[in-house]
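Numbering (my numbering), first residue to last: 1108 to 1256. Ideal Cβ placement from N, Cα and C applies to all residues, glycine included.
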Amino acid sequence: MKRIGSMLVGLTAVFVVGCSGQQNRAQLPPPTTAPESAIASPTDPPATMPPTSTAEKVIPESGTPPTESVYLEVDADDVVPVLASAVVGSPVRIVITTEIERKFRLKSDGTELSGTAVAFEFVADDERLYEIVDVATGDVVVSLESIFD
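And the structure:
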């Protein structure tokens, strides 16, 4: 009799455990499977974030070479000359300002301009060094090197 009682207790325990396990499974939502393309990797940015940078390529009309223009503003009262570079074929505009009227010369072609604000405009047509000097002192104010791209 003792044996039958232990068996009944054991069977009851198995039945209760078995039923409770099935009950818990019924309460859980069924597992879902998402396609691989919908799963984001840890390095993917959230879809709602705007892009951090953009790139745009401008393609010129046929037969028109791309050019870069160079614009420099220089304070001639500064002691240190301005060093710059440009791609051969680029249009260049250099504006020089000073507190007192001074005369400046573009050494490559001898153009001289004077005043408190002068603008030299030229095309860097070949590979060389373009220098603008203060005529009174001979000091180099701007040194622009044109190079092939």
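Residue pairing by DSSP puts residue 1219 in a beta bridge opposite 1212. With a threshold of 16 other beta carbon atoms within 10 Å, residue 1209 meets it and is buried. Segment contact: the region 1190-1198 against the region 1215-1223, fewer than three CB-CB distances shorter than 8 Å; contact not assigned.
Secondary structure of residue 1244 (DSSP, three-state): coil. Of the residues assessed, residue 1205 falls on the buried side of the cut-off, its CB having 16 or more other CB atoms within 10 angstroms. Look at residue 1183 here: in three-state DSSP terms it is coil, with no helix or strand label.
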